[in-house]
Amino acid sequence: AQSVAQPEDQVNVAEGNPLTVKCTYSVSGNPYLFWYVQYPNRGLQFLLKYITGDNLVKGSYGFEAEFNKSQTSFHLKKPSALVSDSALYFCASSNTGKLIFGQGTTLQVKP
Amino acid sequence: EADIYQTPRYLVIGTGKKITLECSQTMGHDKMYWYQQDPGMELHLIHYSYGVNSTEKGDLSSESTVSRIRTEHFPLTLESARPSHTSQYLCASTWTSGNEQFFGPGTRLTVL
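Line by line, the protein sequences give chains A and B.
The working numbering puts the first residue of the first sequence at 149, with every later residue one more than the last.
The working numbering puts the first residue of the second sequence at 1101, with every later residue one more than the last.
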């Protein structure tokens, strides 16, 4: 069965430091992988996706993610965190037209 | 901001009431989805539609029902609301499976 895991409930970083939010997947075939962000009382906003091609994907707001097939991972990264990046982040996969979400990771960036 | 709308944004109702959560998109997307987001933050697919007159149940069993009479409209109905239905409901749409889904702002439902 298809599944996505985000092993950290919360990630804390200081403003200006690099951040990483982890995601691993278990999908048969070639997965489509996505990252979304959710701010309080809002819907999900799309950040970036991996379909095929270059393993390093660049997205909105300076975020990027690296697809690693051997480790079945798709970690979200940003070189320098901002306080405004504090939010709930979801990794998701799809190879059937339906998204399967990870549990979500709360990112807290402190000044 | 994506052109997908949900109303109401917040709803507090008593047990046993019938409610309909509205979702509309102006992007001409064929595929539409309803997700339930519980207090623990996880998102679960409860219904989806790949076109007019096509609806399917998602991975999480739900007592709600949906309809898709028009491409742009995908309402969700609860015939008799219960406190266990208290949750946030998110609607989404997309063109094809490889494309990102666009999400509405959500409806936060509280059943007393």
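Ideal Cβ positions, reconstructed from N, Cα and C, are used throughout, including at glycine.
Are three or more beta carbon pairs between the stretch 1106-1121 of chain B and the stretch 199-216 of chain A nearer than 8 angstroms?
-> Cβ pair count under 8 angstroms is below three, so no.
Chain A contact residues for P1205/B, given Cβ-Cβ distances below 7 angstroms | For P1205/B, the residues of chain A that pass the 7 angstroms Cβ criterion are R190 and G191, in the order they occur in the chain.
How long is the line joining the alpha carbons of N203/A and F182/A, rounded to whole angstroms?
-> Those two C-alpha atoms are separated by around 13 angstroms.
Residue(s) in a DSSP beta bridge with Q150/A = The partner list for Q150/A (beta bridge, DSSP) is empty, contrary to what the question assumes.
Mind pulling the chain B residues with CB within less than 9 angstroms of Y194/A?
-> This sequence places Phe at residue 194/A; Tyr is not what is there. Those within 9 angstroms of F194/A in chain B are A1102, E1200, Q1201, F1202 and F1203.
Taking a cut of 9 angstroms between CB atoms, which residues from the stretch 1111-1140 of chain B lie near chain A?
-> Taking 9 angstroms as the Cβ-Cβ cut-off against chain A, the residues of the stretch 1111-1140 of chain B that qualify are K1131, Y1133, Y1135, Q1137 and G1140.
Proximity test, Cβ basis, 9 angstroms: L247/A and chain B = For L247/A, at least one C-beta of chain B is nearer than 9 angstroms to its own C-beta.
First through last residue of the beta strand (DSSP E) which encompasses A1181/B = For A1181/B, no beta strand (DSSP E) encloses it, and the DSSP letter there is neither H nor E.
Same chain, Cβ closer than 7 angstroms to P179/A, five either side skipped, listed in chain order | Taken in chain order, the residues that qualify are Y173, S241 and N243.
Candidates V1152/B, H1144/B and S1154/B: which alpha carbon is nearest Q1188/B's?
-> Out of V1152/B, H1144/B and S1154/B, H1144/B has the C-alpha closest to the C-alpha of Q1188/B.
Unbroken beta strand (DSSP E) run spanning H1147/B, endpoints | Looking at the DSSP string, the run of the beta strand (DSSP E) that includes H1147/B is L1143 to G1151.
Between the Cα of E1163/B and the Cα atoms of I1104/B, D1103/B and G1116/B, which residue gives the shortest distance?
-> Closest option to E1163/B, Cα to Cα, is G1116/B.
Indicate the three-state DSSP secondary structure (helix, strand or coil) for Y115/A in the structure shown.
-> The question about residue 115/A has no answer here: the residues shown for chain A are numbered 149 through 259.
Are the C-beta atoms of G1158/B and some chain A residue less than 9 angstroms apart?
-> Flagged as an interface residue toward chain A: G1158/B, by a C-beta distance shorter than 9 angstroms.
Cβ-Cβ distance between Q1125/B and G1204/B below 9 angstroms | The criterion of a C-beta distance shorter than 9 angstroms is satisfied by Q1125/B and G1204/B.
Using the beta-carbon of each residue, which ones in chain A are nearer than 8 angstroms to Y1105/B?
-> Per Cβ cutoff of 8 angstroms: no residues; Y1105/B is ~10 angstroms from chain A at best.
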